[in-house]
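Worksheet: the structure to be examined is printed underneath.
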Amino acid sequence: MTAPVQARSGRTGMAGRLGLGGVSPRRISALGRAEMILLLRNKTAATTALLLPLGTVALFSTFLEGDGHVSAGAFLATSMFGFVLLYVVYYNLVTTYVARREERVLKRLRTGVATDAEILIGAAVPALALALTQTVLTVVAAMVLIDLPVPVNLPVLLLAMLAGCAIFVLLAAASSGFTRTVETAQITTLPVLVVSMIGSGVAGSLDSMPDTLATVCRMLPLTPVLDLVRLGWLGTTGAEAPRDFVGVLSEARQPAVIILLWLAIGVSAIRRWFRWDTRH
């Protein structure tokens with residue numbers, strides 16, 4: 001297969017089959033259960049997905065500082081969402097898509113009734129379930145252990161995490177097209193991981209950067225997600241005093257627009273670079 005996208009068995013290629021209109025929850029659930037079994041059997045992958053975000057947070061917690069109206073504890077707790085998206089969703093899914101592609105699982109699935117969208121979403125179900133679990137645990141632990149408040153605007157917080165998961169599922173699928181083997185995923189994922197950790201407000205405030213650099217960093221895929229997480233939970237990104245439920249909605253408009261842009265970029269990237277056949 002010389003191109004990432006081609007027609008199959010009389011059905012259109014990915015470019016015409018990524019819509020959600022024909023998605024079957026039953027087929028996605030079946031694919032997700034199979035992927036979860038494979039993940040739990042792979043001790044290395046399961047351990048990485050569960051413990052790497054926590055270990056990274058523990059490392060960064062030694063030098064993280066508060067940001068204006070956000071305490072160090074609140075900054076760390078909300079940063080955890082970023083680590084979950086980067087490691088549990090993005091990195092884990094790059095290796096998953098590459099492994100299934102090289103095992104020809106993706107190619108076999110495409111000969112069945114499942115649509116391309118169902119195959120991609122089904123493979124992502126375990127990572128998304130782990131991300132949701134760690135998100136809930138983070139919120140509960142932060143409220144109990146460091147006395148963080150109940151989220152100011154829970155719908156914004158939930159939408160931020162859902163949008164973040166969608167963005168990094170799309171980026172993972174696109175990145176898998178550049179990744180020859182599971183082992184090389186450690187290299188091909190580095191640009192997204194490093195740039196996001198340094199430039200998206202995960203490890204430090206963007207306000208400490210020069211204005212031009214901070215403006216560029218606010219356009220990265222993880223930055224608007226973390227902005228919405230902090231707005232939804234704390235009512236502020238740190239630069240201004242906390243807002244109430246309604247005030248958060250007005251502040252959320254700009255990050256929401258950037259998120260929509262990245263969702264469009266992600267869909268376009270999959271259509272251009274995702275591979276169903278092996279690279280050998």
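Each residue of the sequence shown is one higher than the one before, counting from 1 in full-length UniProt numbering. From the three backbone atoms N, C-alpha and C, an ideal C-beta is built for every residue, glycine too.
In this structure, V202 and L222 form a Cβ contact; the two beta carbons are roughly 7 Å apart against a cut-off of 8 Å. For secondary structure counted as the alpha helix (DSSP H) over 4 or more consecutive residues, the stretch 66–134 holds these complete runs in sequence order: 72–83, 92–102, 105–109.
Membership of P191 in the alpha helix (DSSP H) is indicated by the continuous run 190–199. In this structure, V156 lies near V248, with their beta-carbon atoms less than 7 Å apart. Between the stretch 266–276 and the stretch 182–201 there are fewer than three C-beta pairs closer than 8 Å, too few to call the two in contact.
Here DSSP, grouped into helix, strand and coil, assigns G204 to coil. The three-state reading of DSSP puts I146 in coil, since its state is none of H, G, I, E or B. Counted as a single uninterrupted DSSP element, the alpha helix (DSSP H) harbouring E35 occupies residues 25–41. By the neighbour-count criterion, in which a residue is buried when 16 or more other Cβ atoms sit within 10 angstroms of its Cβ, M80 is buried. According to the DSSP assignment, A269 belongs to the alpha helix (DSSP H) that extends over 253–273.
Taking a 10 Å sphere around the C-beta of M219, we find fewer than 16 other C-beta atoms and assign the residue as exposed.
In the three-state reduction of the DSSP assignment, A241 falls in the coil class, being assigned neither a helical nor a strand state. A contact is defined here as three or more CB-CB pairs under 8 Å, and the stretch 112–130 meets this definition with respect to the stretch 21–37. Per DSSP, F178 is not a residue of any alpha helix (DSSP H), being assigned neither H nor E. By the C-beta density criterion, T179 is buried, having at least 16 other C-beta atoms within 10 angstroms. In the structure shown, V152 falls within a coil segment according to DSSP collapsed to helix, strand and coil.
Within its own chain, the residues whose Cβ lies closer than 6 Å to the Cβ of L128, once the five positions on either side in sequence are excluded, are C165, listed in chain order. Within the same chain, and ignoring the five residues on either side of L263 in sequence, the residues whose Cβ sits closer than 8 Å to its Cβ are A163, A166, I167, L170. The closest CA to that of Y87, considering only A99, A77, L234, Q134, is found on Q134.
Counting every other CB atom within 10 Å of its CB across the protein chains shown gives L213 a total below 16, marking it as exposed.
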